[in-house]
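Structure record follows, encoded as structure tokens.
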Amino acid sequence: MAEKNRMDPGTFSAGRVRLLAGLRSHVRAKWSVRFILFLAFLALFADFIANERPLYCRIDGQVYFPALKQYAVDAGLATWEPRFLRTAWRDQEYEQVLFPLIPYSSNTVDIDNLNFRGPFEEQRIRSSRFRHWLGTDNVGRDVAAGMISGLRTSLLVGLLAMLIASLIGISLGALAGYFGDSEIRWSAARIVLSLAGLPIGIWVAFGGRAYALSFGENSILEMGKSLLIFGLITAVFQGIAWLAERFPLFRKKYRIPLDILVMRLIEIFHSVPLLLIILALLAIIRKPSLWHVVTIIGLVSWTGFARFTRAEFLRLRNLEYVEASRALGFSHARVIWRHIFPNALTPLIIVFSFGIAGAILAEATLSFLGIGNPENVITWGSMLRQARSYIQAWWMAVFPGFALFFTIAVFNILGESLSEMMGRR
Amino acid sequence: MLIYLLKRILLFLPTLLIISVVIFFLSRMAPGDPVIQFIGDPFEAATRGGMDLRRAEMEYAEGARRLGRDKPRFYLQLTGAAWPDTLYRILRKEHRQNLIRLIGQYGNWPEISHYYQTLQKSVAALDAVSPEYSDLWIDLGRNLRQLMVSHDKQRIEHYWKEIGQLKREAPGSALLPALLDEGERAWLAVKTRATPWKRFVPVIYWHGFDNQYHKWFLGLFRGDWGLSLKDSQPVLRKIGQAAFWTLLINIPALLIALGVAIPVGVWMARNAGRKRSGLTGLFLYFLYSLPNFWVATLLILFFTSPEYGEWLDIFPSVGLSSLPDSAPFWSRFLDTAAHLILPVACVVYPSLAFIAQQVKGGMLDNLRKEFVKTARAKGVREKVVLWRHAFRNALFPLITILGSAFASVLSGAVVIEFVFNIPGMGRLVYDAILDNDWPVIFGVVQLGAFLTILGYLIADFLYAAADPRVKFTKKAS
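Going down the list, the protein sequences come from chains A and B. The opening position of the first sequence corresponds to residue 972 in our numbering, with each subsequent residue numbered one higher. The opening position of the second sequence corresponds to residue 45 in our numbering, with each subsequent residue numbered one higher.
As structure tokens, then:
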């Protein structure tokens, strides 16, 4: 990053400084960023806020940091002492102990408080330290701990889905906006050979190796091999095309209408109701997990990024500084990446912000419907789902729903105020 | 005008075609065997001796035919030279997939075909020779059926070993042991005469027009959208029945939303810059950000049961009606209407907020324009300026919104109908997903695509009809 600033002092840092300065002066934007940072902090340190394991404890003169050690155990670097496995953390006899703020993990089952115990109801607890301040669910899981873990899930889903979406959307939008319909000109030989190379490459690399790909010992390694083969075949065909272009016969060039193709693709995605296509995709996956949900949300929501990137690139590519850099003989990749992209960043941050809100809402909706997310993963949506089955448990509906509303609203307000700032500029 | 419209339709056709291909292939990627979902598992009955194997096969073939699964999938097929173009004739999905995997390892279809046929003959012979229900019969049958769906070398060899032991005690005729011997030899041939290189030679087969996609695509226009796997009803009929309820909720909701949002939006634009407009805007924004399934859940929780106080039990509980069919029409009508109040409200409030914001934005844009100033300078009454001059021009964004309403209605219906337990389109999709009823799921998805495109077309048409500038600028570009 530092190097990038040194290389291009005019573009990247200027845009960023302007954005930051705007953020400071815009009250709503400032507060929404603060809230987002706060939520991110909660999500990042969720294990030290809601955990059934103590942060620190001393037993028989020995000092432990169980909440911290959990990371080592999960990574397979350490194992628990037998005593911790035999007895629940709450029931250990500590000499000294410091529990997290919420002394329950999201999946801790408190068998004393089964079947929806409300926040104001009598709870069977040892001391008020162990009170379920936001109540429990049907199997005695703490709602407050679930909220924290739900926050982590939501932010993760929003961020990852938008990373996938922005990766696809920005690359397609940049290509469409930068090259347009007439910038790329290929010879007939190259067009034909590329079109022929694609099915051959796909078949030899993936179709012929289908058995190894799905039943091989190391599927990642096999996938790598396939990708390598595919790359090689494509390279070979491009090489032949290069050779063929030596002959004047095949040299005539044709335009590749990249912009039209990308716009058509966007139109196709816009022509199917998004929730329906997400549902249909999740339905054909045999055992969907959170990762599937994230990937699918990301794969269907890239169009916003593509549209905005394309519009920005269309605007910027005709500016003088871009023409100057082209005239200096910089490669397309360099012009796109170093000169145009940094200046196109601000609208993309807006799309990102709205997109996170949308992805969080989509994931919550899916969990609420009970589709995609496995039952044991606790999210805000799945908690709301439980509220439906037990009408007395208002706390299962009010708290997670409010968290969801608040998170979505914060990201929406950030997007809104950013676009306001853009408009003013 | 007509030419413009035709042009738009022609532009949408390729989109529709691509979407239909994608939806078709997605529907074929669904896990499980649809034929068995459709008619039940006839082979299950056959293994228990309850049904003749041949009859089971005939029933299966009939089921596959009714679902249109007895044809090649598509016009073209990209595959390897090792795979034959006639694999689709093996109807049973399990067997077909297993053969594909076997070829994926050994690449020699003639040998594998012989092996598979010998296995089939052995199963048939076994079915024919031993009418009594002996342990040997069961064990041999189990091993043979396992072989039909095994592609892993070690597992196949394990089953052959077991068969080898059982074979010696095989009853009666000499046919079965001979077939089993031949099967084992065929397996040896598969292993030894492997031609794995054939897998990597790409070939494209042309299957002609008698394929699954062709039939399915034509069916979309003929009104044959396939049969539900769950209850064998035509998908289109199920959708039609469900659409009634979805429309019953969404049409009043749209009318209410428009009826309230337009005056509110105009009012906000007229009072722009004042505190009351800002506060209303904030409130609408707040409404818009409220996830409607949460609001729906809260409404159900607090207002449909006496749990939180008798006076809060205002609305009837979820569902459609609480009266028997024998009740008089008007009381049933009122009862259903009462049941629909909450769902309609949950559909109305987010769209109300959204539409009001759009109207406000459009009005603000137009109130700044010269023609409004001119009208005011001429002394035209404020009401007329607002509604006749500014609002007419602010109407155009609304057309776009209405055009995309179809899609959002379908998406929104899934959640609302799930929460309120209304048997509309959304609920239909939800139930179909739980039951793995693929024809229904993908039927609704296809309908969604149709409606969305139709919505865009209508919006385009209205735009062109309302604003003569559109036609000409579009033509120019």
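Virtual Cβ for every residue (Gly too), placed ideally from N, Cα, C.
Selection A/Asn1022, A/Glu1093, A/Trp1060, A/Leu1214 evaluated against serine 1077 of chain A yields A/Asn1022 as nearest (Cα-Cα). Here the C-alpha atom of aspartate 1108 of chain A lies approximately 20 Å from the C-alpha atom of proline 1071 of chain A.
Put simply, the CB of histidine 1303 of chain A is far from chain B, with every gap to its CB atoms at 9 Å or more. In summary, glycine 1172 of chain A is buried, with 16 or more beta-carbon neighbours lying within 10 Å of its beta-carbon over all protein chains present.
C-alpha of phenylalanine 1373 of chain A to C-alpha of tryptophan 1351 of chain A: approximately 9 Å in a straight line. Judged by DSSP in its simplified three-state form, alanine 316 of chain B adopts coil rather than helix or strand. Taking a Cβ-Cβ threshold of 8 Å, the residues of chain A close to glutamate 351 of chain B are Ile1362, Gln1363, in chain order.
Closer than 9 Å to the CB of histidine 383 of chain B there is not a single CB belonging to chain A.
Annotation: arginine 1005 of chain A has no Cβ neighbours in chain B at a cutoff of 9 Å; minimum Cβ distance is about 18 Å.
When DSSP states are grouped into helix, strand and coil, leucine 184 of chain B belongs to the helix group. Glutamine 1067 of chain A: member of the beta strand (DSSP E) spanning 1067-1069, first to last residue. Cβ contact annotation for tryptophan 1157 of chain A (same chain, cutoff 7 Å, sequence separation greater than five): Lys1224, Tyr1225, Ile1227, in chain order. A Cβ-Cβ contact shorter than 9 Å links alanine 1380 of chain A with serine 333 of chain B.
In summary, phenylalanine 1370 of chain A is buried, with 16 or more beta-carbon neighbours lying within 10 Å of its beta-carbon over all protein chains present. Contact check for tryptophan 260 of chain B and glycine 487 of chain B: beta-carbon distance about 10 Å, past the 8 Å limit, so the pair fails to qualify. Between arginine 1281 of chain A and the set A/Leu1143, A/Ala1059, A/Pro1345, A/Phe1201, the nearest pair of CA atoms involves A/Leu1143.
For asparagine 480 of chain B, the closest Cβ of chain A is nearer than 9 Å. Using beta-carbon distances, isoleucine 1321 of chain A does not count as an interface residue toward chain B, since no partner is under 9 Å.
Beta-bridge partners assigned by DSSP to glycine 76 of chain B: none are found.
Classified as exposed, leucine 262 of chain B has fewer than 16 neighbouring CB atoms from the shown chains inside 10 Å of its CB. Interface annotation, proline 1345 of chain A: not in contact with chain B, CB-CB separation never under 9 Å. Taken in chain order, the members of the stretch 1256-1271 of chain A whose beta-carbon sits within less than 7 Å of a beta-carbon on chain B are Arg1257. Check the Cα spacing between lysine 115 of chain B and each of B/Ala100, B/Arg99, B/Ala125, B/Arg133: the tightest is with B/Arg133. Straight through space, the alpha carbons of glycine 124 of chain B and glycine 1178 of chain A are spaced by roughly 7 Å.
Rounded to the nearest angstrom, the Cβ distance from aspartate 96 of chain B to alanine 90 of chain B is 7 Å, consistent with a contact under 8 Å. One thing to note: asparagine 1086 of chain A has its Cβ no nearer than 9 Å to the Cβ of histidine 1103 of chain A. Judged by pairs of C-beta atoms under 8 Å, the stretch 1023-1039 of chain A touches the stretch 1060-1067 of chain A, as three or more such pairs exist. In the DSSP assignment, glutamine 1033 of chain A falls outside any alpha helix (DSSP H) and lies within the beta strand (DSSP E) extending over 1033-1035.
As DSSP reads the structure, tyrosine 119 of chain B sits in no beta bridge.
The beta carbons of proline 360 of chain B and glycine 406 of chain B sit no closer together than 9 Å. Chain-ordered listing is empty here: chain B has no CB closer than 9 Å to the CB of isoleucine 1311 of chain A, the nearest sitting near 24 Å.
About 15 Å separates the beta carbon of serine 64 of chain B from that of tryptophan 482 of chain B, a gap too long to meet the 8 Å contact definition.
Counting only unbroken stretches of 3 or more residues, the beta strand (DSSP E) elements lying wholly within the stretch 243-331 of chain B are 246-250, in sequence order. Assigned with DSSP and collapsed to three states, glycine 1343 of chain A falls in coil, not helix or strand.
Contact between valine 484 of chain B and serine 272 of chain B holds: CB atoms are separated by about 5 Å, below the 8 Å threshold.
Secondary structure at isoleucine 1321 of chain A: helix, using DSSP grouped into helix, strand and coil.
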